[in-house]
Amino acid sequence: MTKQATLIVENLRKTIRRKEIIKGISFELKEGEVFGFLGPNGAGKTTTIRMLVGLIKPTSGRISICGYDLERQFTKAIRHIGCIVENPELYPYLSGWENLEHFARMVPDIPKARMNEVVELVGLQNRIHDRVSTYSLGMRQRLGIAQALLGKPKVLILDEPTNGLDPVGIREMREFIRFLAETEGLSVLVSSHLLSEIQLMCDRVAIMAKGTMLRVDTVEHLLKEQARVVWKAEPLEAAKAILAAETSIFRTDGDTLITPYEPKKLSVWNKKLVEAGVAVHEIQPKLPTLEDLFIELTGGETIE
Amino acid sequence: MNNLVYNEMLKIVRKKRLFVIAAIVAVLVALFTYAQFKQVKELQERLGTSDWRTQLQQQIIDAQNRLNSSSISEEWRKYLQIRLQQQQYYLEHDINPSAPGAPTFMRMFIENAIDLFLPLLVMVVAADLVSSEASGGTIKLLLTRPVKRGTILLSKYIALLLAISFILLTVALLSYLISGIVFGYHGWRLPLLTGFTINGEDLNTEGVHLLPQWKYVLIELGLAWYVAIVAGTLTFMLSVLMRSTAAVMGIMLAALISGAILSNMVSSWESAKYLFMVNLRLTDYISGTAPPIDGMTLGFSMTVLAVWGLLALAIAFIVFTKRDVY
Ligand SMILES: Nc1ncnc2c1ncn2[C@@H]1O[C@H](COP(=O)(O)OP(=O)(O)OP(=O)(O)O)[C@@H](O)[C@H]1O
Ligand SMILES: [Mg+2]
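Chains as they are written, first to last, in the numbering used here: chain A, 1 to 304; chain B, 1001 to 1326.
The following block contains the structure:
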C-alpha cells in the first residue's frame, strides 16, 4: 500500500531583508508518519514552519497541502492543517473551553461533541473551564494541541512541542504524537533541537542547518551508517596503518581509533592487527546516535 | 461573519474595556454635574438673582471688559467678540441658551467631550484590537484558520463600530440620567438657535433659525459618533501597524492633544486645516463658535475627517493582508 503525500514542499526559499534565510528546501510528508525537523538554533525551522502555515509568504517555491496550493487556495489548504508555532499562546482572559469555542467558531461546523473529544484526548477535562492565565506551561501546550486538532486536520505541525514539559510530560507527548500518527493516520511534522526526542518519535528526519536541508532519511538508515567501532590498540600508529588499508578511519581520539562498524569484517581486521604484533585491548561497537551525525553534519567534525 | 464579529465582541467585553469606560463616564458626568451645579449657585449668589437675563447681561459685560483690556491675544479677542454677538442675539430674542435641565447638560457635555474625551474613550477600545493579538502571539492562531485575512480584519472593524456605538449610547444615557438627578429631566423642547455663520470678524445671522433641543442634541450626537468613528479608525490603523499597544496609545494621545493645542494658535497657519485633529470640533459649527482657521465649514471638516479615515482603513487592510507575521 503506498501512502499518500499530504504535504509537498518544493524548492522553498525565503529572503528577509536581502538575507537568504531558507535556501531552497524540498520534502514530502506522508500519511501516518512522524517527520522530524532537526537543526541547531537559527537553522530556519521556525521560519519554514511559518511558511507552511501561511504566516509568512515564501520568496519562491511551492507548498501544497492535500492537493491544494497554499497561496492560491489558502482557505481550502489551511483547512487541513493544525499547528502550534513556537509557544502555544492563547487568550489568557478566557477559559480553556472559551478559547476552543472561539476557534471552533472560525471553522464551519465543528460540533460540541468534537470539542469534548479533543479535550478528553489531551486530558484536560478537569481544568478546561478555568481561565488560561491560571494554567501551567504544560497545560497550555495541551490546550494548544487541542485547538490544533479541533478541525480534524490531516497534517499536524508542531514547533518544539516538548518545550517546557517535564520528563513525564515529554514522554506522554511522545506517545500521544505516535498515537495520532499510527491510529488516526495524521502526518505530524515536529521540530526540535533535542536529538533524543526526535530519535524516539520520528519515522523520518530532516537535518537542517543554515537554511538548507543536509539530509532527509529514515531514522534507521541514518543510524545504520552511523554505527562505529572504537579500537583501543598499541602501538596506535601501527594499528592505524593496518586499519587504514582495510577501511576508512573517521578520527583518532586520544589512544583510540574510530572506524565504521562492519560486523562481518571485524574479526578479519582484528586478526590482521594481532598478526602484525599489535596488542588489541578493546574493540567496542559504539551505540549509534543521531547526535554524532548531527554534530558532524552541522559542522562539528568533517566526514571522511 | 456573524461568528467572527461575535468572537471579537466577546474579547472586547471579556477584557472589561467597555465596563471600565462606562465607569469613567459615570464618574466624570457626576463630577461635571456637581461643578455645574456649584457654578450656577455661585452666579446666583454673586448677582443676587436667579433670572437668566440678568446673568446673561452680566456675562456680556464681563466679556466687554475683557475685550477692552489690552493684554488679550488676537484669536481670543475674535472668539469673545463672536460669543458676545451671539449672546446679544439670544437676549434680544428672549431665549435662554443654558436653561438648566438634563438635556442641556447632555448637549454641553457632548460639545466638550467631542474633541478629546470621546476619542480617548474610543482609543481605549481600538488601540489593542490588533496589536494585542500580535504582542500576545494569538495572531498566529487567528491567521491559521480557514478564513481570509481581510475577513478577519473586517470582523474586528465591525466589532469596533459596535463598541463605538455602545460608548456613545453610554455617554448619552449616563449624562442624561445622572445630571437629571440635580437639574431635572425637562427641557427637550427648549428652542435653540443654530445656523450662525462666521465671516472673518462678523457673525452672520442670516441663516439663523430655531431648533428644539431634542433635534439639536440628536444632530450633535450624530456628529460625535462620526468623530468617534474617525478617531477609532485612525487608532485601528496604528494598532495594525504596531505591536505595542502603549505605542499606539502614545501616538494617538499626542495627536489628539496637539489638536487641542493647535486649535488655539493656528489661525495664521492656513494649511493646518487639513490636519484631522483640528477638525474634530464639529459641534462648534452647529452652535456657531468660530472655527480655528478662517474658511473652515462643517462640510469641509467632515470631508477632511472622511479622507483621513478612509485612507487609514485602506492602509490597515493592505498592510494586514500582505504582511509577514513573525
Ligand atoms: N523577522 C526576522 N528578521 C530577520 N531575520 C530573521 C527573522 N526571523 C528569523 N530570522 C533569522 O532566520 C534564521 C532562522 O530563524 P528560525 O527562527 O527559523 O530558527 P529556528 O531553527 O527555529 O531556531 P530555534 O531552534 O532557535 O528555534 C535566524 O538566523 C534568524 O536570525
Ligand atoms: Mg524555532
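All residues carry an ideal CB built from backbone N, CA and C; glycine is no exception.
(request) Label B/D1094 either buried or exposed according to how many other C-beta atoms from any shown protein chain fall within 10 Å of its C-beta, with 16 as the threshold for buried. (result) exposed
(message) Run the Cβ filter for me: residues under 7 Å from any heavy atom of ligand 2, listed in the order they occur in the chain.
(response) A/K45, A/T46, A/E86, A/D159, A/E160, A/S191
(request) For A/G144, collect the residues of the same chain with a Cβ closer than 6 Å to its Cβ; drop the 5 residues on either side in sequence, then sort them by chain order. (result) I84, P88
(message) I want to check one thing, is the minimum distance from the CB of A/R17 to the heavy atoms of ligand 1 below 7 Å?
(response) yes
(request) Take the Cβ of A/R79 as the centre, count every other Cβ of all protein chains shown within 10 Å, and call the residue buried at 16 or more, exposed below. (result) buried
(message) Could you check whether the Cβ of A/I305 sits closer than 7 Å to any heavy atom belonging to ligand 1?
(response) Within the shown structure, residues of chain A are numbered from 1 to 304, placing residue 305 of chain A beyond reach of any answer.
(message) Per the DSSP calculation, A/V34 is bridged to which residue(s)?
(response) A/V188
(request) Look up A/E301 in the DSSP assignment and say whether it is helix, strand or coil. (result) Confidence at A/E301 is low in this model, with a pLDDT of 35, below 50, so the placement of that residue is unreliable and no value is reported for it.
(message) Give me the residue from B/V1122, B/D1062, B/S1135 with the minimum Cα distance to B/T1245.
(response) B/S1135
(request) Anything in chain A within Cβ reach of B/G1137, meaning under 8 Å, just list it in chain order. (result) E86, N87, E89
(request) Ignoring anything shorter than 3 residues or poking outside the segment 197-250 of chain A, list the beta strand (DSSP E) runs there in chain order. (result) 204-209, 212-218, 228-234
(message) Closer than 7 Å to a non-hydrogen atom of ligand 1 - does that hold for the CB of A/H102?
(response) no
(request) Check whether the Cβ of A/G42 lies closer than 7 Å to any heavy atom of ligand 1, and answer yes or no. (result) yes
(message) Using a Cβ distance threshold of 8 Å, determine whether the segment 190-201 of chain A contacts the segment 148-165 of chain A, with at least three qualifying pairs required.
(response) yes
(message) Please confirm whether B/T1321 has its beta-carbon closer than 8 Å to some beta-carbon of chain A.
(response) no
(message) For the segment 1141-1162 of chain B, list every residue whose C-beta sits within 7 Å of some C-beta in chain A, in sequence order.
(response) L1141, L1143, T1144, R1145, P1146, V1147, K1148
(request) Please determine if the segment 45-57 of chain A and the segment 7-20 of chain A are in contact, where contact requires at least 3 C-beta pairs separated by less than 8 Å. (result) yes
(message) Taking the alpha carbon of B/D1112 as the reference point, which residue from B/L1253, B/T1283, B/G1299 has its own alpha carbon closest?
(response) At residue 1112 of chain B the sequence reads Asn, which differs from the Asp that was named. The residue with the shortest Cα to Cα distance from B/N1112 is B/T1283.
(message) Let's see if you can read the secondary structure: which residues bound the beta strand (DSSP E) around A/V155?
(response) 155-159
(request) Consider the C-beta atom of A/G307 and the heavy atoms of ligand 1; say whether any pair is separated by less than 7 Å. (result) Absent from the model: residue 307 of chain A. The displayed extent of chain A is 1 to 304, so no value can be given.
(message) Just to confirm my understanding: we take A/G277, look at its own chain, exclude 5 residues before and 5 after, and list those with CB closer than 8 Å. What are they?
(response) A238
(message) What does DSSP give as the partner residue(s) for A/R13 in the beta ladder?
(response) A/K23, A/S60
(request) Output yes if chain A places a C-beta closer than 8 Å to the C-beta of B/D1324; else output no. (result) yes
(request) Check the Cβ of A/Y93 against every Cβ in chain B and list those closer than 7 Å, keeping chain order. (result) R1014, K1015
(request) Taking B/L1162 as the reference, give the member of B/L1141, B/G1288, B/R1066, B/A1126 with the closest Cα. (result) B/A1126
(request) Name, please, each residue of chain A whose Cβ falls closer than 8 Å to the Cβ of B/L1004. (result) R105, M106
(request) For B/T1233, collect the residues of the same chain with a Cβ closer than 7 Å to its Cβ; drop the 5 residues on either side in sequence, then sort them by chain order. (result) G1309, A1312, L1313
(request) Check the Cβ-Cβ distances between A/G39 and every residue of chain B, and say whether any is below 8 Å. (result) no
(request) Residues of the segment 59-75 of chain A with a CB closer than 9 Å to any CB of chain B: list them in chain order, please. (result) F74, T75
(request) Determine contact between the segment 1021-1033 of chain B and the segment 1168-1185 of chain B, defined as no fewer than three beta-carbon pairs at a distance below 8 Å. (result) yes
(request) Check whether the Cβ of A/I21 sits closer than 7 Å to any heavy atom of ligand 1, and report yes or no. (result) yes
(request) Using the DSSP secondary-structure output, state which residues sit across from A/Q284 in a beta bridge. (result) A/V230
(message) Between the alpha carbons of B/L1221 and A/I49, how many angstroms are there, rounded?
(response) 49 Å
(message) To the nearest angstrom, how far is the alpha carbon of B/Y1089 from that of B/G1299?
(response) 25 Å
(request) Please list, in chain order, all residues of the same chain as A/P153 whose beta carbon is under 6 Å from its beta carbon, the five residues on each side excluded. (result) H80, I81, G82
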